[in-house]
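Visitor: Before I ask anything, here is the structure I am working with.
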Amino acid sequence: MKIFFLGDIVGKSGRAAVVKNLKNIAQEKKIDFIVVNGENAADQGVGITEANSKELFNLGVDVITTGNHVWDQKETSQYIESETRLLRPENLPSNSPGKGFGIYHSKNGYKVGVLNLMGNVFMKKCEDVFEIAKLFLGKYKFREDYDFLIVDFHGEITSEKMAMGYFFDGKATLLVGTHTHIPTNDCRILTNGTAYLTDAGMCGDYDSVIGMNKINSLNRFLKKESKKHYPAEGEATLSGLIVECNTSNGLAKKVETFIHGGELTK
Ligand SMILES: [Fe+2]
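Heads up: the sequence shown begins at 2 in the numbering used here, then just goes up one per residue.
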């Protein structure tokens, strides 16, 4: 059983790289379940449209996770109610549209739980993420409700992500961070068997400032004349990880980061 996870897809160039490569990679690496974070997939680099989601599902993506930008495209709050494969953070206020968790079927017939959480530090206001995680672990049982569990922790700071990794250690197949758009180099299997990576990085043009046009972003920091952030359009790097799972206990057997094409391979 192999899980492929790709970090935040940013704008047109991020989508183009996914369209160009995903099917081939999935075939070549014998992937059974694919999760991508799609919260920056829209042309503007914020939010995700129905068309963006459908394009990803048609490529073989099983579940799309999101984060702080989930509602940035107006149509999403309605679309998410009819598409259970599109998740928003579980710890948004409880009256928010959509869901933050679902159980899906992998191509090889296993039940895979996917949980989307969002950090509390330097992020939009949402429910206490550790309280929600505690409630989740009280409600669902690993290996009873699902064979494998993937947790996307969308957050800004490394300590919060590591702490959540330890919280889920032995109770999830994978806990992977998203949101910073910078891949970290700490991919490993934790003591009790959960694959962990602080941040998967983005699928976007790295000749940029976290996927946005670098000159415009720098001008904003310099308080010079600038426009609203807009995505860089050079060739994107695909960034994420692949987990090989132990089918007898649902935990990770092997995990490795995945970097393909664009600026990061130069
Ligand atoms: Fe984000």
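Where a beta carbon is used, it is the ideal one built from N, C-alpha and C, also for glycine.
Is N250 near ligand 1, judged by its Cβ being under 7 Å from some heavy atom?
Guide: Counting from one through the sequence shown, the residue named residue 250 turns up at place 249. Answer for N250: no, Cβ out of range of ligand 1.
Visitor: Can you give the beta carbon distance from V36 to D153, rounded, assuming they're within the 8 Å contact cut?
Guide: Looking up residue 36 in the sequence shown gives position 35. Looking up residue 153 in the sequence shown gives position 152. Going by Cβ atoms, the distance from V36 to D153 rounds to 7 Å, so yes, they are a contact pair.
Visitor: Nearest to A196 by CA position, among M119, A173, T181, Y207, is which residue?
Guide: Counted from its first residue, the sequence shown places residue 196 at position 195. It is A173 whose Cα lies nearest to the Cα of A196.
Visitor: Throw me the rounded Cβ distance for the S14 and P232 pair, which I believe falls under 8 Å.
Guide: Taking the first residue of the sequence shown as 1, we reach residue 14 at position 13. Taking the first residue of the sequence shown as 1, we reach residue 232 at position 231. Yes, S14 and P232 are in contact; Cβ-Cβ is about 7 Å, under 8 Å.
Visitor: Where K142 and L150 are concerned, what is the direct C-alpha to C-alpha distance, given to the nearest angstrom?
Guide: Locating residue 142 in the sequence shown gives position 141, counting from the first residue. Locating residue 150 in the sequence shown gives position 149, counting from the first residue. Each residue's alpha carbon lies about 10 Å from the other.
Visitor: Quick one: what's got a C-beta closer than 7 Å to K31's C-beta in the same chain, skipping five residues either side?
Guide: In the sequence shown, residue 31 corresponds to position 30, counting from 1. K3, listed in sequence order.
Visitor: Taking the straight line between their C-alpha atoms, what separation do you get for K63 and K225?
Guide: Numbered from its first residue, the sequence shown carries residue 63 at position 62. Numbered from its first residue, the sequence shown carries residue 225 at position 224. The sequence shown places Asp at residue 63, rather than the Lys named in the question. Taking the straight line from one Cα to the other gives about 43 Å.
Visitor: Are the stretch 108 to 123 and the stretch 65 to 76 touching by the rule of at least three beta carbon pairs closer than 8 Å?
Guide: yes
Visitor: Taking 7 Å as the cut-off, is the C-beta of H180 nearer than that to any heavy atom in ligand 1?
Guide: Residue mapping note: residue 180 aligns to position 179 of the sequence shown, counting from 1. Answer for H180: yes, Cβ within range of ligand 1.
Visitor: Look at the Cβ atom of N41, then the Cβ atom of I10, and state whether they are nearer than 8 Å.
Guide: The residue you call residue 41 lines up with position 40 of the sequence shown. The residue you call residue 10 lines up with position 9 of the sequence shown. Contact: yes.
Visitor: Which term fits S54, buried or exposed, when burial requires 16 or more other beta carbons within 10 angstroms of its beta carbon?
Guide: Position 53 of the sequence shown, counting from 1, holds the residue named residue 54. Residue burial annotation: S54 is buried, with at least 16 other C-beta atoms found within 10 angstroms of its C-beta.
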